[in-house]
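Residue numbers (the numbering used here), protein chains in the order written: chain V, 1 to 406; chain B, 1001 to 1320.
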Amino acid sequence: MRLVDTGNHVAAWGARLARVEVVSAYPITPQTQVIEEISRFIDEGEMDCEYIPVESEHSAMAAMIGSAAMGVRSFSATSAHGLAYMHELLHWAAGIRLPMVMVNVNRALGPGWNIWCDHQDTLAARDTGWIQLYCASHQEVLDTVIQAFRISEDLKVILPVMVCYDAIFISHSYMQVEVPDQDKVDRFLPPFRSLWKLDLDYPLTHGSVIYPDDYEEVRFSMFKGLDNARKVIERAAEEYRDIVGDFHGGMVETYRTEDADCALVAMGSMASECKMAVEELRDKGYRCGLVRVRSYRPFPIAELRELLSPMRSVMVIDRSVSFGLEGALFSEVKAAIYGHGDATVYNLITGLGGRDVRYDLIAEKTADALEGKLAPESSWPSLRLNEHHLVSKRGLEGYWKKEGVL
Amino acid sequence: MRLRDFPEEELFLQGSAACQGCPGSAALRVAFKALGRETILCVIASCTSVLQSPFPVSALNLPTLNMAFATGGATASGLSAAADRLVASGAFKEKPTILVWAGDGGTYDIGIQALSGAAERNTDFIYVCYNNEAYSNTGTQRSGATPYAAWTTNTTKGKDEWRKDIAQIMVAHGVPYVATASLAYPTDMYRKFAKAKEIKGTRYIEIQAPCPPGWKFPSSHTIKVARLAVQSGMWMLYEHEGGKTAYTAGTQRIIQGQSKLLPVEEYLQAQGRFRHLFSPEKDEMRIAEIQGRISHIFDTLQFTHKMKEHIMDIELAPPR
Chain V
1 MRLVDTGNHV AAWGARLARV EVVSAYPITP QTQVIEEISR FIDEGEMDCE YIPVESEHSA
61 MAAMIGSAAM GVRSFSATSA HGLAYMHELL HWAAGIRLPM VMVNVNRALG PGWNIWCDHQ
121 DTLAARDTGW IQLYCASHQE VLDTVIQAFR ISEDLKVILP VMVCYDAIFI SHSYMQVEVP
181 DQDKVDRFLP PFRSLWKLDL DYPLTHGSVI YPDDYEEVRF SMFKGLDNAR KVIERAAEEY
241 RDIVGDFHGG MVETYRTEDA DCALVAMGSM ASECKMAVEE LRDKGYRCGL VRVRSYRPFP
301 IAELRELLSP MRSVMVIDRS VSFGLEGALF SEVKAAIYGH GDATVYNLIT GLGGRDVRYD
361 LIAEKTADAL EGKLAPESSW PSLRLNEHHL VSKRGLEGYW KKEGVL
Chain B
1001 MRLRDFPEEE LFLQGSAACQ GCPGSAALRV AFKALGRETI LCVIASCTSV LQSPFPVSAL
1061 NLPTLNMAFA TGGATASGLS AAADRLVASG AFKEKPTILV WAGDGGTYDI GIQALSGAAE
1121 RNTDFIYVCY NNEAYSNTGT QRSGATPYAA WTTNTTKGKD EWRKDIAQIM VAHGVPYVAT
1181 ASLAYPTDMY RKFAKAKEIK GTRYIEIQAP CPPGWKFPSS HTIKVARLAV QSGMWMLYEH
1241 EGGKTAYTAG TQRIIQGQSK LLPVEEYLQA QGRFRHLFSP EKDEMRIAEI QGRISHIFDT
1301 LQFTHKMKEH IMDIELAPPR
């Protein structure tokens, strides 16, 4: 079936096709349409599922932990402040080793209030033990939600998965998608079978106090689970291609990297813009390609080493900031390829809070880098500072002017 | 139900890490006996997180999920929704009882949002607050349940505020069953759990749980202090269903005039946490304030009770 719909509605279709049995969620712009659509599916009898309309995101995740612990396939959706609010329980879900899938619509955090896209929300949840997959298109959102359950429930993994896609650019725009047949999805995704569940015949206590003698081993098993997920993500993507037909890459997606000596590295919908930047750069005679990081956790270390070691230059585009350092993706790309090849790595921090980033800006800055006109440190190419942005006009204006910022 | 008729099966096992005289473990024992094996337990961060004993052993012989502090009601909603699915799919013959076990900190303060949400949705579960009137697990800090004038580690001259009444807040939610219980009246407590088990929807049971180290009394006095609380009117026993409140056990006897309301001083003097009300000199004003509140409540209840009897007499009197 072909559908022209929003990224949010498409995510709801993913949950429906995965035969999710419990959904608990709280509305937050720009995620709201996901749960509205699921609620409509249930009301119209198209989806056999319990929907728990909770009173907060903290409770949404608590309810999901409860239902997953009973051995029932569970789903939720959130965004930005909602994700921040449930942060405590993100640790709980991963630490207690429960498979579940949640979509997060990547939105900027306040203040000031901003409902548009950036990746600060999920990158702040980076070290919670969740697998994080980033989507670049509507079709990928649908397919990834289904794949995510397969990954999450794999007995070598048993960890929750977050499917991330960009606010407004994907969540609220309409695109054509191919909705796979239910029987194909059923063939790809077997019924939920958990490693453990609350069992009346075998009453165990889960999540109790644990002393230093055992805690480190529990953390190590999570570390291994995420490590094992690399292969499982690749295999899920390949089997999905074999059964359903779509393929968006495994740990990474590449575009024209075969003969390239310069690579752009990005995540999410920005990568689509980067494909056009690659074309623009190639028109100008630069041999550029794109590596889109699809799985941010686990991080594609081996893939990046292999792909980026022959490169002369690497341009990392971050849609978030690690304050006091640089772009988070930039740091990690550098760390991954350290000692492998001798590419100079550049960083653009851009597109925060939904600011439009055009392919020609990326192409222009990349060309600058290749011509040696850009320092290999973080730069903010779309920044437009003026006096309205001063924290205190009296205190900072003179200083900023002296520093040449204004 | 008499004490000797309680089921012999122990679902709260030996080897717990509870303090001597712990009211929490005593309450768990009675509750488990009343609810039986077909129960899924969710323990919210509290003394019970510790007293169940650390990994890899456990004193809880029920499938148990330990959960974060603010999640009692919400986790129950997930457990209950999933249990409904498992009944529908045939994995469960009957729906097990979903039991959430939380302290007063996890109920009165950080957990009230999730509890209120679950009550509004009428989630099918039993919520138990065992109320030791402080954050006892953390070493006795004030909570929303700490009574007026009580010492805690962060109310060293006695708490300035009165406790809030969560049981009445739950009554205001319109849930099918709300009850209070006391360790000194185990048959009353057992009956309330057994009754709650048969009801669908959100059931709330609050147990007053005098804590020997936190309240500063000898560990052999837990039941004695619990009984004094009821006899002095500092803790009231009742159950609320169908829009009506019925007082039970010790509280009922006081209202009906079968036993006397003890002066609150007797209860306060039994515990170190109120010592500053008696030494170096007696704080007549604060004691009178506490006594005044209790006396007012019981005067009203006793008056209403007498009026009801009187009205009943008139109605039931045969025509002449």
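Just so it is clear, CB atoms sit at the ideal spot from N, CA and C, and this is done for glycine as well.
Counting the other CB atoms within 10 Å of its CB gives S1219 (chain B) a total below 16, which places it among the exposed residues. Judged by DSSP in its simplified three-state form, V1128 (chain B) adopts strand. Here the C-alpha atom of L123 (chain V) lies approximately 9 Å from the C-alpha atom of L329 (chain V). Nearest neighbour of C1019 (chain B) by Cα position, chosen from B:S1058, B:T1064, B:G1214, B:P1096, turns out to be B:G1214. Counting along the chain, N1066 (chain B) sits inside the beta strand (DSSP E) bounded by residues 1064-1067.
Sequence-distant Cβ neighbours of A148 (chain V) in its own chain, meaning closer than 7 Å and more than five residues away, are V101, L133, V161, V163. Only exposed fits Y202 (chain V), as fewer than 16 other CB atoms lie within 10 angstroms of its CB. Listed in chain order, the non-local C-beta contacts of L361 (chain V) below 7 Å within the same chain comprise P381, S382, local neighbours out to five positions each way being set aside. Residue-level contact by beta carbon holds for G1117 (chain B) and chain V, with a gap shorter than 8 Å. Under the Cβ distance rule, W196 (chain V) does not count among the residues neighbouring chain B, no pair being separated by less than 8 Å. Using a C-beta cut-off of 8 Å, the region 194-208 of chain V makes no contact with the region 12-31 of chain V, since fewer than three inter-stretch Cβ pairs fall below that distance. Annotated three-state conformation of K231 (chain V) is helix, per DSSP. When Cβ pairs closer than 8 Å are counted between the two stretches, the region 256-276 of chain V is seen to touch the region 349-365 of chain V, the count reaching three or more.
With contacts defined by Cβ atoms closer than 8 Å, T1180 (chain B) and E1206 (chain B) form a contacting pair. Straight through space, the alpha carbons of R16 (chain V) and I35 (chain V) are spaced by roughly 11 Å. The same chain holds no residue with a CB closer than 6 Å to that of R1121 (chain B) once the five nearest residues on each side in sequence are set aside. For W13 (chain V), the enclosing alpha helix (DSSP H) stretches over residues 7-17. K1095 (chain B) carries a coil assignment under DSSP once its states are collapsed to helix, strand and coil. According to the DSSP assignment, Q1208 (chain B) belongs to the beta strand (DSSP E) that extends over 1202-1208. Interface annotation, I35 (chain V): not in contact with chain B, CB-CB separation never under 8 Å. Per DSSP, the continuous beta strand (DSSP E) segment holding H1240 (chain B) begins and ends at 1238-1241. Secondary structure at Y202 (chain V): coil, using DSSP grouped into helix, strand and coil. Following the DSSP letters along the chain, one finds V209 (chain V) in no beta strand (DSSP E), marked with neither H nor E.
Within 7 Å of the CB of Q1113 (chain B), the CB atoms of chain V belong to E55, S56, in sequence order along the chain. At a Cβ-Cβ threshold of 8 Å, S1077 (chain B) and T1123 (chain B) count as neighbours. Residues D1104, A1145, E1206, I1207, Q1208, A1209 of the same chain have their beta carbon placed closer than 7 Å to that of N1131 (chain B), with the five preceding and five following residues left out of the count.
Beta-bridge analysis with DSSP links P376 (chain V) to no other residue.
For M70 (chain V), the nearest beta carbon of chain B is closer than 8 Å to its own beta carbon. Counting only residues of its own chain and dropping the five nearest sequence neighbours on each side, G1139 (chain B) has a CB closer than 7 Å to the CB of T1153. Going by C-alpha positions, I1110 (chain B) is about 28 Å away from R73 (chain V). In the structure shown, the three-state DSSP call for Q31 (chain V) is coil. Look at the region 1010-1033 of chain B: it has no residue with a C-beta under 7 Å from a C-beta of chain V.
Look at D1084 (chain B): its C-beta is under 8 Å from a C-beta on chain V. Annotation for F1032 (chain B): the continuous alpha helix (DSSP H) segment containing it runs 1023-1035. Q120 (chain V) and S331 (chain V) do not touch by the CB rule: their CB atoms are close to 15 Å apart, not below 8 Å. Under the Cβ distance rule, P1218 (chain B) does not count among the residues neighbouring chain V, no pair being separated by less than 8 Å.
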